[in-house]
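Taken in sequence, the protein lines are chains A and B.
Each residue of the first sequence is one higher than the last, beginning at 179 in the numbering used here.
Each residue of the second sequence is one higher than the last, beginning at 179 in the numbering used here.
Even glycine gets a Cβ: it sits at the ideal position worked out from N, Cα and C.
As structure tokens, the structure follows; a few thoughts come after it.
There are 2 protein chains.
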Amino acid sequence: MLDALPRRERANFLNGLSGFKSANLLGTADAHGRTNLALMSSVFHVGAAPPLLGLLIRPHTVPRHSLENLLASGQYTLNHVDEAMHERAHLTSARHPRTTSEFEAVGLTPAWSTSLSAPYVAESPVQIGLHLREHHTLDCNGCALVIGEVRELRLAEDARAADGQLDLQALGVVAISGLDEYHRTESLGRRPYARAPADSDD
Amino acid sequence: MLDALPRRERANFLNGLSGFKSANLLGTADAHGRTNLALMSSVFHVGAAPPLLGLLIRPHTVPRHSLENLLASGQYTLNHVDEAMHERAHLTSARHPRTTSEFEAVGLTPAWSTSLSAPYVAESPVQIGLHLREHHTLDCNGCALVIGEVRELRLAEDARAADGQLDLQALGVVAISGLDEYHRTESLGRRPYARAPADSDD
């Protein structure tokens with residue numbers, strides 16, 4: 179089936195094949211403080227202790243300035259995209275000239291902390307500051323896999339439930355499908371911790 | 179903030195910190211044809227040509243039988259979780275004894291193709307057969323990163339739009355937040371391909 183699809187349709191299809199995706203803006207700066215901002219849909223959970231997030235970057239696409247900045251400085255931010263700014267976030271994927279910051283080009287606001295050299299997105303409801311921990315280049319297609327440790331968090335105090343759960347839906351965070359479709363969510367509820375009839379350590 | 183959180187609350191919080199996640203059932207079999215099924219929320223898009231999907235597995239958690247099978251056979255399936263079976267899918271994460279297949283334990287049906295040694299989930303609207311391409315162990319916490327090539331697809335003919343886009347929402351596919359919350363989605367629409375005012379190759 180895949181072989182029969184024209185290139186563009188194949189890309190559309192395969193970008194949806196993993197399921198719903200997270201929507202995060204990757205914020206970086208170069209040594210001169212010039213900022214870059216790139217939409218990422220491949221951020222994933224790696225671990226809780228230490229707190230680690232993974233990110234896959236395709237180096238031959240637009241975010242290569244972001245990847246260069248990230249690797250050079252070792253610092254970056256991930257900022258959740260919400261419904262109010264998802265259209266502006268999407269525009270960061272355009273091929274902006276190197277001399278233009280995507281912040282300015284799309285109308286989002288850089289915000290700085292004293293403890294990180296990369297810019298946050300002021301409009302984002304969940305702002306995460308990371309230090310680079312590990313970096314692999316995939317043999318299969320040259321993608322960069324980046325693992326970072328969470329070093330700073332900027333979010334509303336009431337964004338967490340009593341048991342720690344982050345209420346992404348209440349924050350208006352969106353999910354992505356394919357290359358260009360955005361979704362709000364409606365919770366089906368939380369499921370209890372799953373136990374087998376005879377729970378063992380096997 | 180993170181350091182002050184008790185272990186369980188910290189795990190709840192950090193599992194939601196990447197944003198909304200895909201929901202896939204990983205199907206594997208051992209050399210004797212005994213099946214395993216494990217819920218995964220860390221499948222991500224890697225590339226369209228060749229068609230590649232990534233998957234992060236925490237080896238010290240329940241899915242280690244699945245990881246052993248996957249590495250030994252080099253073949254596995256990923257099956258999207260929809261609203262109708264998300265409760266059964268969640269139950270695969272219980273600690274079932276090795277002699278029990280999660281298919282049987284939770285009430286899902288294994289389905290076989292002649293070209294793959296791993297079982298599909300008959301109830302799933304998008305069934306993907308993969309061959310292992312590449313495997314990394316992360317230095318930072320020992321997680322296994324698995325890259326597979328899509329070799330077989332089983333889905334309804336009308337699941338794709340004319341331009342290739344896979345309509346996950348129409349298929350009832352769910353998104354996950356945190357460790358245990360499931361969501362249906364409501365589309366905000368597709369955004370046009372983003373172009374800068376002066377599109378260049380810079």
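Please name the residue, chosen from the options, that lies closest to residue i on a Cα-to-Cα basis.
i       : options                               : result
I325(A) : A374(A), L233(A) and R266(A)          : L233(A)
G211(A) : A272(A), T270(A) and A289(A)          : A289(A)
D260(B) : G197(B), V299(B) and A227(B)          : V299(B)
L230(A) : Y360(A), C318(A), G307(A) and A339(A) : G307(A)
L333(A) : Q305(A), P297(A), T278(A) and V284(A) : Q305(A)
R311(B) : E312(A), L316(A) and N214(A)          : L316(A)
L294(A) : M263(A), R276(A) and L331(A)          : L331(A)
E359(A) : D358(B), I354(B), E359(B) and A348(B) : A348(B)
L204(A) : N247(A), G225(A) and P184(A)          : N247(A)
L249(B) : N257(B), G342(B), A296(B) and T239(B) : A296(B)
L344(A) : R368(A), R329(A) and F191(A)          : R368(A)
A209(B) : G285(B), M179(B), G252(B) and F198(B) : G252(B)
E282(B) : L215(B), T239(B), H258(B) and N202(B) : L215(B)
P382(B) : L323(B), G342(B) and R266(B)          : As displayed, chain B neither begins before 179 nor continues past 380, which places residue 382(B) out of reach and without an answer.
S291(A) : T278(A), P184(A), R329(A) and A374(A) : R329(A)
L256(B) : G320(B), H309(B) and R185(B)          : H309(B)
S244(B) : H258(B), G225(B), S271(B) and P184(B) : S271(B)
F198(A) : Y371(B), P370(B) and A353(B)          : A353(B)
In chain B, which residues lie less than 7 Å from residue i when you measure between Cβ atoms?
i       : result
H264(A) : L366
P229(A) : L180 and L192
H258(A) : G197
H314(A) : H314
G356(A) : Q343 and L344
L183(A) : G342
L308(A) : Ordered by position in chain B, no residue passes the 7 Å Cβ test against L308(A), which lies about 11 Å from the chain.
R311(A) : C318
H238(A) : Neighbours of H238(A) on chain B: none; closest Cβ ~10 Å, over 7 Å.
Residues of chain A with CB closer than 8 Å to the CB of residue i, please, in chain order.
i       : result
Q305(B) : Per Cβ cutoff of 8 Å: no residues; Q305(B) is ~11 Å from chain A at best.
S200(B) : S196, G197, F198 and K199
V351(B) : G197 and F198
A374(B) : A272, R273, H274, P275, T278 and A283
So what does DSSP say about residue i, is it helix, strand or coil?
i       : result
H361(A) : strand
G307(A) : strand
R332(B) : strand
L323(A) : strand
T278(B) : coil
L249(A) : helix
L344(A) : strand
L269(A) : helix
E301(A) : coil
L366(A) : strand
A289(B) : strand
R186(A) : helix
In the DSSP assignment, what residue or residues form a beta bridge with residue i?
i       : result
G205(B) : L215(B) and T255(B)
F222(A) : G232(A)
D260(A) : V351(A)
R242(A) : Beta-bridge pairing links R242(A) to no other residue.
Please check the pair residue i and residue j, which I expect to be a contact at CB under 8 Å, by giving their CB distance rounded to whole angstroms.
i       : j       : result
E364(B) : H268(A) : No, E364(B) and H268(A) are not in contact; Cβ-Cβ is about 17 Å, not under 8 Å.
H223(A) : S196(B) : 5 Å
T206(A) : Y254(A) : 5 Å
R227(A) : R242(B) : One detail in the question is off: residue 227(A) reads as Ala in this sequence, not Arg. 19 Å between Cβ atoms; not a contact.
L346(A) : G194(B) : 6 Å
G342(A) : F191(B) : 4 Å
I want to verify the contact list: residues of chain B whose CB lies under 9 Å from the CB of residue i, in sequence order.
i       : result
V328(A) : L180, L192 and L195
Q253(A) : By Cβ distance, chain B contributes nothing, its closest Cβ being about 16 Å from Q253(A), past 9 Å.
L234(A) : F222, H223, V224 and G232
Kindly list, in the order they appear in chain A, the residues whose Cβ is closer than 9 Å to that of residue i.
i       : result
A322(B) : Per Cβ cutoff of 9 Å: no residues; A322(B) is ~11 Å from chain A at best.
Quick one: list the residues of chain B neighbouring residue i, beta-carbon separation under 8 Å, in chain order.
i       : result
N319(A) : V224, G225, P228 and L230
E282(A) : By Cβ distance, chain B contributes nothing, its closest Cβ being about 12 Å from E282(A), past 8 Å.
D341(A) : R186, E187 and N190
I325(A) : L316 and C318
E246(A) : By Cβ distance, chain B contributes nothing, its closest Cβ being about 13 Å from E246(A), past 8 Å.
Along chain A, which residues have their Cβ under 7 Å away from the Cβ of residue i?
i       : result
L269(B) : A372
V299(B) : Those within 7 Å of V299(B) in chain A number zero; the least Cβ separation is about 14 Å.
R338(B) : F191
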